[in-house]
Structure formats: structure tokens, C-alpha cells
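Residue numbers (the working numbering): 1339 to 1928.
Following this line, the structure appears as C-alpha cells:
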């Protein structure tokens, strides 16, 4: 039968050469289209299958808690406890790890209905809690029975670490990463994995696999990113302690947007073998993992426990520096620099007022506050940060997303990377003219990537020069720390981040410098702050977008500040955060 078909086609082609060429071209075209459609069908089927598995895991947990879960009253009593209170009750045996876990699972499921921060529950959590309840009081670890939420990119045995990319689906880890191993050994219970933006290189929080996460204080706003799921679960008080990561603000931005605390440690002090990071190979500006929590006390206790010999033995690249109590516990007065604007995107009134509140609170605490000016924030952001992180000209991103559904939050970035280089450069100057701002154009040119090894070395040299200049200014002022805004604005509307990327200069600065930086809430936006947006500048396109998105519907949104210290003096940043938090909680005389 097949031979007969071939003979017929051969005869036809001999008599009709022109028709034959058309047939070949048409067949090849049809096959290409069919292959393309089949590929995309397979990708979407894979995503749908994963979504179904996650929904089923959530449903199974809900059914289990419906049968044998805590009362609403018990849920509220347990989840409203501070870390200090909960830790004490677990250590003394006044609460069981199983009951605490069920309370947080119940609250997380409830809050997730509106916020969608949950990727999936960690099914092994209950078995861990049962085993912990058998541990005698004198052998309980410093985090005994504390449930923790974990960003999706953390390595957990049996689970995918996708970063929102379908290419990484159904490739479960064969073992826990270092930090999860340490946390479990200390007695913590990882109980839920939380959402991230696709690629983890934006402060939106949306991807085609797990969907969009919403802000716990305003459902029209996002929780920030890339640790956005952590921001949302902690901000809704459905978790007490979480773990995220940060390469450009990914711990600090969601903490600021959702009104919780965090610490971005010095990169390297917690190692690099705990998470999936999609920006690979470049070492000029690197990601770091870190904790997020409801208060600074929790951060201090967690870091005291984590910076231990166990972590240092697991990863010999980590400097063996135990928690520095001399820095953290000191009551000496400090010299603290401050600025309310880094010189690029101006802060909105609520952010400016928040910084002033922090400055005054630290002065009341006995510290000396001196003005500080950030050197060349535009060059830092466009040439140093973007030049390092996107130094391959986007090849890493394009390769990972070439066969994936691209989320709307990063489509503009992908389009820019796919634009021909010979057109991108002249277009970048047009963009700067339209924006009335040189930064967007410089950002586009940074997408061209490094042109040579010598160019990459030159970038490394420029980053080192910037670090030395910043350190010189720091020492010239005699500083122990800096306090400043996290971002020039508060939580952004869903889908608006792509128009507000310039605000990230405030956070990326301390990734380029590799300075530890923590985040602590200080106030909320008021109606008066909103009214004062009438005076906000509108020269550049970015400023016009800020006016558009922050002139209404922002009242009640959290405002935080960053507290920054020199490299490997993370405890100093925590100490300033603690002083600030303590002072702000004091009742004020009228």
C-alpha cells in the first residue's frame, strides 16, 4: 500500500514539477504549524496537570482539617501569638506542635481563598509535627514546633522548584537544600510553599502555573516580589516566619508592601545551596536567602539559631561567623545616616513621612542622625546592577522562556530582549526622549549585554570602584548604619509594576554593594498623604505613572523603611531595626 502511494506521488511530481515544489513547501509549513501547536498543547497540558495536583493537595488538607481540625477560637488564639509567646509554650509543652501546625494550616487555607499565596501545602509537615511532640523538653531545638512558610524556589525533597517556569515542572528535588535541612534540625516545620513571579526578576507576583497573588491589605494591589507569596501569607498572619530570597529587593519589597519585617543578609553568609536561582553564572551581583517575619524579635532569634556550626559544616564556603551578640545587644548610641530620596524617583508623601518618623524615633532612642546622599543612583541601577544581572544580553531568559507561556508581567522585558540589537540602541534614545528620563534608555542598552570578556572585567572594576566610593562616604560621615525608604511608593496596583521599575533603585543599591539590609514597618498611608500627591512632580513618564497609581486608593497601605549596615555586620542592621520597632511601639505623650 505504501509503495503504491509513493509511486503515485513520484509520477505526479515528474509531470508537475511546479506543483511538486508547492506541495513540499506547503507540507513543510503544515508540519511546522502542527509541531508548534502540539508543543504548546503539551506545555499547557503540563501546566494544567500541575495546577490539578496543587488543587488536590489543598483539597485533601482541607478535608483532613474539616474532620479533625481546631476550632475557630483555637485557630485565632494560636495564630495571634507572637513568636516569643508561641516559642515559650512549645518549649514548655503547653502547646503541641501538631495543634500549632493545624491552626496555621487552617488559617492559611482560609486566607488563601482571597489572596492565592499558596502554591501547595507540604504534606510531610504533619509527620514532622508528630515526631517533634515526642521529643523531651530538654532536647527541643530553638525553633521546636514553629511552622514556617517557604518560597517556591527553595529546594525541598520531592517538590519542584520552578520559579514560575513550566520547563522546571515535574523535576522534583532529590534532597532538601541546606537551609531547609538546618531549619528542620532546629525544630521548624515547613508547612506551605508560596508563590513567586515568573522568572523571579520583577516585583509583580504572577505566573502561568500558580496565578496571581494579591495584597492582604488591598485586593486591587500586589504583594510585591519576588517573595510575594511570603509577603501575603505573613501580612495576613497565616504564617509567623517565612523564608525568601533577594537579588534586587525580593525580600524587602514584599515586606514593605505587606507590612512585615525581613532581613536581606550579606550575600554568602547563608550560602548558595538552598534555592533555585534563574540568573546563573554571574557573580558580580548575587542573590541571597533570608527570613521574613511579623517582628524584629523573631528575625533576631532565627538568625541566632541559624548562624551555627551545623550550617558552617554543611557549606564550607560560608564564613564561620556565629551570631554577633556584641553588636546586636549593645546599647551604645550610634551614628546613623538617612535620606528620604535616593535622587531618582521621588518618594510619595506617605513614604517621606514614614522616613521622618523613623529618623525622629531613632533620635529619641539616643542615636545621632545625619543626612546622607547616594552617589549616582542612575548609573548604579542602569550600568552596574542591570549590566551585571542582564550581562548576557538576555540569553538566559530567552532560553528558559522560549518554550513557555509568558506571563503578562514580564512580556515587555521579553519583547525588548528579542528586539534586534542594531535597532535596540537607537530605539533606546527615542525611549529616553519620550520618557524625559535617561534611565529607561540606559536600561534598554544594558540589555545588549557584555560585548567581550574585557568589557565584563571593566564592569567588575566599575562595581568595585562604586563600592569603594560608597564606603568612603560612609566612613567620612562616621556611620554605623543607614535608614532610608524601601521604595519611593507603596504597594502597586496589579499589573502596574512594568511601569514602575525605576523605583527599584532604592533596593538594588544594597545588592550591588552587598550590604545587609532589613525592613521594618513604621506607619500606613493616610488620607492626608494621598491629598498631598497633588504636589507630586510629573516631569518624567515614571513620575506620571506614580501620580496615576498613588493619588487614590492607597489609604491604609503599609509603609516601611530599610535599615542598612556594612557587610558582615548584619546584626547591626537588626539592632537598628529593633531599636526603631521598640521606640515606635511606645505610647507617645500628647
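C-beta: ideal position from N, C-alpha, C; glycine also.
Asked                                                                                                                             : Found
Any beta strand (DSSP E) of 3 or more consecutive residues that is wholly inside the stretch 1609-1642                            : 1626-1631
Alpha helix (DSSP H) runs wholly inside the stretch 1778-1861, at least 4 long, in chain order                                    : 1791-1815, 1843-1850
Cβ shell of residue 1921 (< 8 angstroms), same chain only, five flanking positions each side left out                             : 1699, 1700, 1702, 1703
Collapsed DSSP secondary structure at residue 1742 in the structure displayed                                                     : coil
Same chain only: Cβ atoms within 6 angstroms of residue 1813, ignoring 5 sequence neighbours per side                             : none
Other residues of its chain near residue 1429: CB distance less than 7 angstroms, five sequence neighbours each side excluded     : 1475, 1478, 1482
Alpha helix (DSSP H) segment containing residue 1916, residue limits                                                              : 1908-1923
Limits of the unbroken alpha helix (DSSP H) element including residue 1580                                                        : From DSSP, residue 1580 is part of no alpha helix (DSSP H) but of the beta strand (DSSP E) over 1579-1584.
Counted within 10 angstroms of its Cβ, other Cβ atoms place residue 1670 as buried (16 or more) or exposed                        : exposed
C-alpha gap between residue 1835 and residue 1588, whole angstroms                                                                : 13 angstroms
Residue(s) in a DSSP beta bridge with residue 1487                                                                                : 1530, 1580
Where residue 1668 falls: helix, strand or coil (DSSP)                                                                            : coil
Cβ neighbours of residue 1488 in the same chain (closer than 6 angstroms, five flanking residues each side left out)              : 1528, 1531, 1581
Residue of 1801, 1688, 1590 minimising C-alpha distance to residue 1893                                                           : 1688
8 angstroms CB neighbourhood of residue 1507 in its chain, flanking five on each side removed                                     : 1384, 1385, 1388, 1498, 1500, 1547
Helix, strand or coil at residue 1898 [DSSP, three-state]                                                                         : strand
Alpha carbon of residue 1829 to alpha carbon of residue 1878, nearest angstrom                                                    : 20 angstroms
Nonlocal neighbours in the same chain, by C-beta distance under 6 angstroms from residue 1817, ignoring five residues either side : 1673, 1675
Straight-line Cα distance separating residue 1887 from residue 1559                                                               : 10 angstroms
DSSP beta-bridge partners of residue 1545                                                                                         : 1549
Nearest neighbour of residue 1844, chosen from 1820, 1831, 1865, 1833 [CA to CA]                                                  : 1820
Residue 1596: first and last residue of the uninterrupted alpha helix (DSSP H) it sits in                                         : 1590-1596
Segment contact flag, the stretch 1437-1457 with the stretch 1412-1419, C-beta cutoff 8 angstroms, min 3 pairs                    : yes
Touch test, the stretch 1837-1856 against the stretch 1904-1914, Cβ-Cβ under 8 angstroms, three pairs minimum                     : yes
Residues bridged to residue 1748 [DSSP beta-bridge criterion]                                                                     : According to DSSP, residue 1748 bridges with nothing at all.
Residue environment, residue 1378, which counts as buried when at least 16 other CB atoms sit within 10 Å                         : exposed
Sequence-distant residues of its chain with Cβ nearer than 7 angstroms to residue 1925 (five each side left out)                  : none
As assigned by DSSP and simplified to three states, the class of residue 1675                                                     : strand
Outcome for residue 1608 when other beta-carbon atoms lying within 10 angstroms are tallied against a minimum of 16               : buried
Residues near residue 1514 by beta carbon distance below 8 angstroms, same chain, minus five either side                          : 1493, 1494, 1495, 1522
Three-state secondary structure assigned by DSSP to residue 1772                                                                  : helix
Option in 1677, 1619, 1467 with minimal Cα separation from residue 1691                                                           : 1677
Residue from 1584, 1449, 1554 whose Cα sits closest to the Cα of residue 1539                                                     : 1584
Residue 1413 in three-state terms, based on DSSP                                                                                  : helix
Proximity below 8 angstroms, CB of residue 1895 to CB of residue 1863                                                             : yes
Nearest residue (CA-CA) to residue 1695, options 1900, 1912, 1449                                                                 : 1900
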